[in-house]
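Since the structure comes first, as structure tokens, the remarks are kept for the end.
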Amino acid sequence: DAMVIQNPRYQVTQFGKPVTLSCSQTLNHNVMYWYQQKSSQAPKLLFHYYDKDFNNEADTPDNFQSRRPNTSFCFLDIRSPGLGDAAMYLCATSRTGAKNIQYFGAGTRLSVL
Amino acid sequence: AQSVTQLGSHVSVSEGALVLLRCNYSSSVPPYLFWYVQYPNQGLQLLLKYTSAATLVKGINGFEAEFKKSETSFHLTKPSAHMSDAAEYFCAVSAYGQNFVFGPGTRLSVLP
Numbered sequence: 129d130a131m132v133i134q135n136p137r138y139q140v141t142q143f144g145k146p147v148t149l150s151c152s153q154t155l156n157h158n159v160m161y162w163y164q165q166k167s168s169q170a171p172k173l174l175f176h177y178y179d180k181d182f183n184n185e186a187d188t189p190d191n192f193q194s195r196r197p198n199t200s201f202c203f204l205d206i207r208s209p210g211l212g213d214a215a216m217y218l219c220a221t222s223r224t225g226a227k228n229i230q231y232f233g234a235g236t237r238l239s240v241l
Numbered sequence: 722a723q724s725v726t727q728l729g730s731h732v733s734v735s736e737g738a739l740v741l742l743r744c745n746y747s748s749s750v751p752p753y754l755f756w757y758v759q760y761p762n763q764g765l766q767l768l769l770k771y772t773s774a775a776t777l778v779k780g781i782n783g784f785e786a787e788f789k790k791s792e793t794s795f796h797l798t799k800p801s802a803h804m805s806d807a808a809e810y811f812c813a814v815s816a817y818g819q820n821f822v823f824g825p826g827t828r829l830s831v832l833p
């Protein structure tokens, strides 16, 4: 009964080849987040959706884009992956008024060859 | 602005010993505080949270934490470590309308 589901769990792509990571949720939460986590580091927020409103962090590279076609799904698109984009990508959700508690998926580990 | 520090990037304890992971925060508004655990190649799992109710918070797997406003601390403890507790632990601070700020993490090793 996983609540935040990320697919795939492991993704291998080639340098410069676009890749899309997927996140879905069964919690009906209105806020969804994408984080990048590199080895032995804390998660770094890339952007989040508050309902349909997209909020980009100031230092998120233009190479990273996101789509949220409905409440349940959110996608992370990396237009031209570089070697430095190899990382764990975490999706999280929360609900407005619920004390900001975030629920995380299991993550997608991206390798760039 | 908010910030979190975690003293000790790596903590080792013997099985059965007390676990103490330190977290100090800075926040200009009343904070929400969280501890998350991350096992290898997994996402973050919520251990416990402080959201302005009781200052002593009990979480899953026998962990607890105490919010001390005067010390701006939210240290995580467990009376007796188990091998399965070996993982990375992240403290995070937030507030109403604010995103999370994560600490750098503490890797806990449990020695047999």
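Just so you know, the protein sequences line up as chains W and S, in that order.
Using the working numbering, the final residue of the first sequence is 241, and nothing's skipped along the way.
Using the working numbering, the final residue of the second sequence is 833, and nothing's skipped along the way.
Beta carbons: idealized from backbone N, C-alpha and C, even for Gly.
Quick caveat, the model's predicted, so the values are computed rather than measured.
- For Arg223 of chain W, no Cβ of chain S is located within less than 8 Å of the residue's own Cβ.
- Just measuring C-alpha positions, the residue of W:Gly210, W:Met160, W:Ile133, W:Ile206 sitting nearest Ser222 of chain W is W:Met160.
- A Cβ-Cβ distance of about 7 Å is found for the pair Ala813 of chain S and Tyr757 of chain S, placing them in contact under the 8 Å criterion.
- Against chain S, a Cβ distance below 8 Å from Ala215 of chain W picks out nothing, because the smallest value is about 12 Å.
- Annotated three-state conformation of Leu211 of chain W is helix, per DSSP.
- Non-local beta-carbon contacts of Met804 of chain S in its own chain, meaning distances under 8 Å to residues more than five positions away in sequence, involve Glu736, Val831, Pro833 in chain order.
- Linking Arg195 of chain W to Tyr217 of chain W through their CA atoms gives a straight-line distance of about 15 Å.
- By the criterion of a C-beta distance shorter than 8 Å, Lys799 of chain S is surrounded in its chain by Leu739, Val740, Asn782, Gly783, Phe784, Glu785, Asp806, once the five residues flanking it on both sides are discounted.
- Secondary-structure assignment with DSSP links Asn198 of chain W through no beta bridge to anything.
- Pairing Thr236 of chain W with Leu173 of chain W gives a Cβ-Cβ distance that is not under 8 Å.
- With respect to the C-alpha of Pro146 of chain W, the residue from W:Pro209, W:Ala234, W:Gly225, W:Gln230 having the closest C-alpha is W:Pro209.
- With its beta carbon less than 8 Å from one in chain S, Phe232 of chain W belongs to the interface.
- DSSP places Val750 of chain S outside any beta strand (DSSP E), giving it a letter other than H or E.
- Identification of residues in the stretch 165-197 of chain W having a C-beta nearer than 8 Å to some C-beta of chain S yields Ser168, Gln169, Ala170, Pro171, Leu173, His176, given in sequence order.
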